[in-house]
Amino acid sequence: MKTSITSTPLLKYSLDVARAWCQENGWSDLFIEQYRLWAFPPGGVMPLPLPECALEEVTFNSDLSPRQILSQALVFTAAIGSVLTSFATHSPVVLVVGFAACAIAIGLGEP
-4 MKTSITSTPL
6 LKYSLDVARA
16 WCQENGWSDL
26 FIEQYRLWAF
36 PPGGVMPLPL
46 PECALEEVTF
56 NSDLSPRQIL
66 SQALVFTAAI
76 GSVLTSFATH
86 SPVVLVVGFA
96 ACAIAIGLGE
106 P
């Protein structure tokens, strides 16, 4: 079942990045299926998932979205706060809780 390109489930890469990559490399008819981006390669008759390595390279070279910046700032703040609180209270439990919170936050950002 193909998902409309206007509805955006949780995707690892933004649709703008995928569209730009498809136009740049000659891929056509971009669509979403099972939380993956698919398109027809140049001269192809069957759609293929977009290459992860190409999308990672394009995403790495582009700016982060405001949501990604906010989540990274919150994770960084939680990590620093847990280290300082653990040092002040002389308790390693705070570090474990801080690590768990950071791991959950990063895990929620992945597809």
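Residue numbers (the working numbering): -4 to 106.
Backbone N, C-alpha and C define an ideal beta-carbon position, used for all residues, glycine too.
Computed from a predicted model, the values in this text were never measured in an experiment.
(request) Whole angstroms is fine: what's the gap from residue 11's alpha carbon to residue 80's? (result) One-based indexing of the sequence shown puts residue 11 at position 16. One-based indexing of the sequence shown puts residue 80 at position 85. Near 41 angstroms, if we compare the C-alpha coordinates of residue 80 and residue 11.
(message) To the nearest angstrom, how far is the alpha carbon of residue 13 from that of residue 32?
(response) Here residue 13 refers to the residue found at position 18 when the sequence shown is read from its first residue. Here residue 32 refers to the residue found at position 37 when the sequence shown is read from its first residue. Each residue's alpha carbon lies about 8 angstroms from the other.
(request) Count the other C-beta atoms from every protein chain shown that fall within 10 angstroms of the C-beta of residue 45, then say buried if there are 16 or more, exposed otherwise. (result) The count along the sequence shown starts at 1 and reaches residue 45 at position 50. Buried.
(request) Use the C-beta contact count for residue 77: other C-beta atoms within 10 angstroms, 16 or more gives buried, fewer gives exposed. (result) As a first step, residue 77 is located in the sequence shown; it is residue number 82 there, counting from the start. When all chains shown are included, residue 77 counts as buried.
(request) Note down the Cα distance separating residue 66 from residue 85, rounded to an integer number of angstroms. (result) As a first step, residue 66 is located in the sequence shown; it is residue number 71 there, counting from the start. As a first step, residue 85 is located in the sequence shown; it is residue number 90 there, counting from the start. Straight-line Cα distance between these residues: approximately 28 angstroms.
(message) Rounding to the nearest angstrom, what Cα-Cα distance links residue 103 and residue 91 in this structure?
(response) Counting from one through the sequence shown, the residue named residue 103 turns up at place 108. Counting from one through the sequence shown, the residue named residue 91 turns up at place 96. The alpha-carbon atoms of residue 103 and residue 91 are separated by roughly 18 angstroms.
(message) My assumption, with CB atoms under 8 angstroms, is that residue 22 sits in contact with residue 35. Please give the rounded CB distance.
(response) Translated into positions along the sequence shown, residue 22 becomes position 27. Translated into positions along the sequence shown, residue 35 becomes position 40. Right, their Cβ atoms sit about 6 angstroms apart.
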